[in-house]
C-alpha cells in the first residue's frame, strides 16, 4: 500500500476523487509502465536511489504528472521487490572498522599542514590499502544497509504494464480511505465474503435490508460510536481489495479532510472497472453445494425459488449467512445450511448460529459419514431440521422437507 | 433503581463496555460524570478506556456488583532496584506527582527526568508502558530500566512486538497498537509528552485504562495549543522547574556562536536562478489570484507542470543551503579548533549527514543504525574511540551524550522546540567546562531567517557572531 504522503485526490462537489489513470486519457502511460517494469527487471544490483532517479527520468517528458504520482509508482515497484538488506550487518562492521581506523587521524583536512598533517585523500587511501581494497569499493559498501542505498536483489511483480496501472488505481483508492470515518456497502451478492473480510479487518458492522433485498452494510470501528474518528481508515483500505473482488456492490466512504471536521464522499462500485489483485470468490464453497445447485436447477420446482447466500441473519455483531434461501410464492422462507467441515470448532460455531436464530426456519444438511462417527455430538443428530445425505444432497430430498417444514 | 445483578465491565479494542444496563441504571450510578454512550451495533454501553478510574470509583462508591473483566494487569516485581539518590528538585517532583498519581512533570533537558520516572516506577511496582518519541530513546529507556530496576522490558516498535509487564514503545506504535495494549498497563510514562496530543497519537492515552499517568517534558507547550488536553490525557502539571533556575548549577553554562557562511560562486548562481524561478511563479499566481498561498502549490502540482517545476526549484534551493560546500570547510576548522574534545554535529538532512560522515570518516547516528551499532557509537564517543559523531533529527530529543560539550548545527528548522532540545544535548555539566553550540548557516538565504527566528527563544539569549 502507499504511504499517506503519496495519496493524490481531487475534491469536487463534496466528492473525493482519487487519482486514476484511464486508458482513454492516459494510454501513453502503458509505455511508461512498460519502461518502469523493464527498469526494475534489469535493475538487480542497483540501489533504490538509482532506480528512483531513473524512474523520474522516464517521466521527464510527461507534462501532466505530479511528483507524488511518480513516487507512488516507485513505492508500488519497491513493494514487489526484494532488496538486499545486509542482514548480517556487513556494512555496520565495515563502518566500525573504517571509522575506528580513521579516529586517530582526526581531523581529516583537505590540505595537510604542520599542525594537522592528515590529509583526507591520503588517509582514505591508506585505510583502503590496509583493508586490501580500493577506497571506491569501500565507499560503495559503507552505507549499503541504508534504505536509499540498498541494492535490488529480485523483482517479482506485475506481469504486464496494465497490471501495474491497475494496481496504481486501486492503491490510490486505498490511500484515499486512510482518513475514512465510515464505509457503507450496498450489496446483493457475496454478502458472506464481504462480512468475513470486514470482520478480519476488525471492523464493526450495522446491517439492514431494503425492500428489494439489497443489504446495506455500514462499517466503522468500536470507538466510532464515541466520536468521528479516522482510526479505522487503514483497516478499510486493507479491506478494499477483498471488496473489489466481489460482485454486485457499491460503496460510499465518509472521508475526513483536515482538522476542520469537513468530510468528503468517496464512491466506488463493482462497475468502476477497478481490478483487484485477488481472484473473484469461488461461486460455491464445496462440490456438494455446486452439485446440489445444479440438481435443483434441473428439477425446477415451480413453487419455490432458490437463491444463494442472499439472507444475512444478524444479532449484534454475530452474523449467519446460510448457503441457500428458498422463498415460497406465499411468503414462506426456509434457509439451508450445508455442513461442510467436520472439526469440533466448526460444528460448535454452527450450533451457536442455529441456536441464536431459532426463530428462523433453518435446515441443516450433513453427510451420513459424519453422523455415523462415534464422537459426533448428539445435538447434531437430534437437530429437527437435519437432512441426511449419502454421496450428494438431492433436490428432491430438500423439496420434501420444505413441504413438511412447519407451516 | 434497577435490580442488582452481576454485570461485566470489559475492555474492547480501546474502549470500555458494559452490557445489560438500562438507561435509568446508568443515569443513577453515573450521576456525577456519565461517560457512557449506547452502542446499538453491539447492544452495550460504551466509553473511551481512559474513563476507567472514574467509572470504577463511581461503581465502588455505590457498591454495585460489577465484575471487572477489563484489566489484564500482571504482578510486577523489579529484581534489583539500584537507583542513584535523587537531587532536591527531583525528590520534589516525585512527591508532587505521587499525590494525584497522574500529571505532567516539566523539567529542562539534562535535569534528570528519567531518574524521576524510574523512581516512580520502582515505588509503584505496577505494569508500566513507557512511550518515547523515537526508537533511539525507546532503546535508551530499555537500557535504563535494565540498569536501574534490573528488568528486561518488552519492546513494541522497530518491527518488534514483545509485550511484557514493563514495555517500552514509541508514540506511533503505542497509538497503532492501543486497542491491544490499553488494558495491560497500570502506569503510562509519556517521555517528551508534547508529542502526545496529535490527532492520532493521543489514542495512546485515550484508549488506555491506566489510572496512573506520568508526562515528562522540557517544553510542554505546543504551537497548536493542544497541550491543554494534557489535563485529561495525562493530568495537571504537578511540577515545573524553569530553565533559568538551573542554568549554571545543574546544567553547564553555555554559549551560542553563530558562524555565517557563503555559498560558493557556482552555488550562489544556481541559488539565485532557482529563487528567481520560484519568485516569478508566485508573482504570476498572485496576479491571477491575490489570495494565492505557497502552501496551495502542492495541491496544484497535480495539474500544473509549472507548479511542479516551481516546487522542484524550491526543494533544490533548500538542498543547496543544506549542503553548501562551505559548511564542510567550516566544520573542518571547528574540528581543528576542538581537537581532543568530543563533538556532535547536527545535520539538516540525512544526505548531509552521510556527506559529513564520508568526508571526515566519523560515525553517523541515523535511523539505519541497529540497537547494537547505536550502542557502539555512543559508547565509542564517550570512551574517546570516536572524536565526533554526526546525526540528523534522531538525536533531537533526550538521547544521553554526557561527555559532549561542543555541538555544531549545520542545518535544521526554525521550530523553537527543536532549538531548545538541541541545546539540551550540550548543556550537560561536566566539571567546570563551558559548553559551546555553533550554528553554521548560509547568509542571505532562508536559513539566516530561520536562525533569527530561533534566537527569539530564551535559551538562545546572548548569541555571539563569529566569522571564520
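Chains as they are written, first to last, in my numbering: chain A, 2 to 408; chain B, 814 to 1281.
The beta-carbon is built from N, C-alpha and C at its ideal position, and this holds for glycine as well.
As the structure is a prediction and not an experimental result, all values here were calculated from the model.
Distance cut-off 7 Å: residue i Cβ against heavy atoms of the ligand ZN
| i | result |
| --- | --- |
| residue 44 of chain A | With respect to the ligand ZN, the structure shown offers nothing to examine, as it has no ligands at all. |
Cβ-based neighbour list, residue i, same chain, cut-off 7 Å, excluding 5 preceding and 5 following
| i | result |
| --- | --- |
| residue 18 of chain A | 10, 11 |
| residue 896 of chain B | 928, 931, 932, 935, 961 |
| residue 193 of chain A | 310, 322 |
C-beta atoms of residue i and residue j nearer than 8 Å
| i | j | result |
| --- | --- | --- |
| residue 57 of chain A | residue 148 of chain A | no |
| residue 1001 of chain B | residue 917 of chain B | no |
| residue 1135 of chain B | residue 1224 of chain B | yes |
| residue 117 of chain A | residue 110 of chain A | yes |
| residue 61 of chain A | residue 162 of chain A | no |
| residue 277 of chain A | residue 171 of chain A | yes |
| residue 1148 of chain B | residue 1220 of chain B | no |
| residue 159 of chain A | residue 165 of chain A | yes |
| residue 7 of chain A | residue 76 of chain A | yes |
| residue 191 of chain A | residue 274 of chain A | no |
| residue 1255 of chain B | residue 1120 of chain B | no |
| residue 143 of chain A | residue 176 of chain A | no |
| residue 30 of chain A | residue 82 of chain A | no |
| residue 237 of chain A | residue 201 of chain A | no |
Identity of the residue in the options nearest residue i by Cα
| i | options | result |
| --- | --- | --- |
| residue 837 of chain B | B:830, B:849, B:985 | B:849 |
| residue 1163 of chain B | B:1036, B:1205, B:883, B:907 | B:1205 |
| residue 327 of chain A | A:280, A:87, A:396, A:344 | A:396 |
| residue 409 of chain A | A:240, A:338, A:185 | Residue coverage of chain A in this structure runs from 2 to 408, which leaves residue 409 of chain A outside it and unanswerable. |
| residue 888 of chain B | B:977, B:1050, B:1248, B:857 | B:977 |
| residue 242 of chain A | A:260, A:280, A:267, A:227 | A:280 |
| residue 16 of chain A | A:151, A:174, A:126, A:63 | A:174 |
| residue 871 of chain B | B:883, B:845, B:885 | B:845 |
| residue 392 of chain A | A:313, A:343, A:27, A:288 | A:288 |
| residue 963 of chain B | B:921, B:1092, B:879, B:893 | B:893 |
| residue 891 of chain B | B:905, B:979, B:854 | B:979 |
| residue 20 of chain A | A:65, A:38, A:46 | A:65 |
| residue 213 of chain A | A:229, A:189, A:263 | A:189 |
Rounded C-alpha distance that separates residue i from residue j
| i | j | result |
| --- | --- | --- |
| residue 183 of chain A | residue 4 of chain A | 20 Å |
| residue 1176 of chain B | residue 85 of chain A | 22 Å |
| residue 1081 of chain B | residue 1124 of chain B | 19 Å |
| residue 1145 of chain B | residue 1131 of chain B | 22 Å |
| residue 1252 of chain B | residue 1172 of chain B | 19 Å |
| residue 394 of chain A | residue 235 of chain A | 42 Å |
| residue 1143 of chain B | residue 1083 of chain B | 21 Å |
| residue 339 of chain A | residue 167 of chain A | 37 Å |
| residue 206 of chain A | residue 220 of chain A | 5 Å |
| residue 966 of chain B | residue 919 of chain B | 25 Å |
| residue 195 of chain A | residue 358 of chain A | 21 Å |
| residue 1230 of chain B | residue 1032 of chain B | Any answer about residue 1230 of chain B is weak, because its pLDDT of 48 lies below 50 and its placement is not dependable; what the coordinates show is given next. For residue 1230 of chain B and residue 1032 of chain B, the distance between alpha carbons rounds to 7 Å. |
| residue 1011 of chain B | residue 908 of chain B | 29 Å |
| residue 346 of chain A | residue 374 of chain A | 16 Å |
| residue 1088 of chain B | residue 886 of chain B | 59 Å |
| residue 1003 of chain B | residue 1017 of chain B | 10 Å |
| residue 1139 of chain B | residue 1152 of chain B | 20 Å |
| residue 914 of chain B | residue 937 of chain B | 10 Å |
| residue 180 of chain A | residue 27 of chain A | 27 Å |
Cβ-based neighbour list, residue i, same chain, cut-off 6 Å, excluding 5 preceding and 5 following
| i | result |
| --- | --- |
| residue 315 of chain A | 208 |
| residue 258 of chain A | 265 |
| residue 44 of chain A | 52, 153 |
| residue 827 of chain B | 862, 991, 992, 995, 1020 |
Neighbourhood of residue i by C-beta distance below 8 Å, restricted to the same chain and skipping five residues each side
| i | result |
| --- | --- |
| residue 1008 of chain B | 946, 984, 1014 |
| residue 858 of chain B | 830, 831, 832, 834, 839, 849, 850, 851, 852 |
| residue 880 of chain B | 819, 820, 821, 822 |
Interface residues of chain D facing residue i [CB-CB closer than 7 Å]
| i | result |
| --- | --- |
| residue 827 of chain B | The chain inventory of the structure shown lacks chain D, comprising the protein chains A and B. |
Original post:
Listed from N- to C-terminal order along the chain, which residues in the region 1167-1194 of chain B have their beta-carbon within a distance smaller than 9 Å of any beta-carbon of chain A?
Top reply: 1167, 1170, 1171, 1172, 1173, 1174, 1175, 1176, 1177, 1179, 1180, 1181, 1182, 1183, 1185, 1186, 1189, 1190, 1193
Original post:
Between the region 343-363 of chain A and chain B, which residues of the former have CB atoms less than 7 Å from a CB of the latter, in chain order?
Top reply: none
Original post:
Using Cβ-Cβ distances below 8 Å, what residues of the region 199-230 of chain A are close to chain B?
Top reply: 203, 205, 206, 207, 222, 223, 224, 226, 227
Subject >> Under 7 Å (Cβ pairs) to chain B, residues found in the region 301-319 of chain A >> reply: 317, 318
**OP:** Below 7 Å between beta carbons is the criterion; list the residues of the region 832-857 of chain B that meet it against any residue of chain A, in chain order.
**Re:** 850, 852, 854, 855, 856
Subject >> Residues, ordered as in the chain, of the region 134-157 of chain A that lie near chain B by beta-carbon distance below 9 Å >> reply: 140, 143, 144, 146, 147, 148, 149, 150
**OP:** For the region 117-132 of chain A, enumerate the residues whose C-beta is nearer than 9 Å to any C-beta of chain B, in chain order.
**Re:** 117, 121, 124, 125, 128
Subject >> Within 8 Å of chain A by C-beta, residues of the region 1144-1162 of chain B in sequence order >> reply: 1145, 1148, 1149, 1152
**OP:** Below 8 Å between beta carbons is the criterion; list the residues of the region 9-22 of chain A that meet it against any residue of chain B, in chain order.
**Re:** 9, 11, 20
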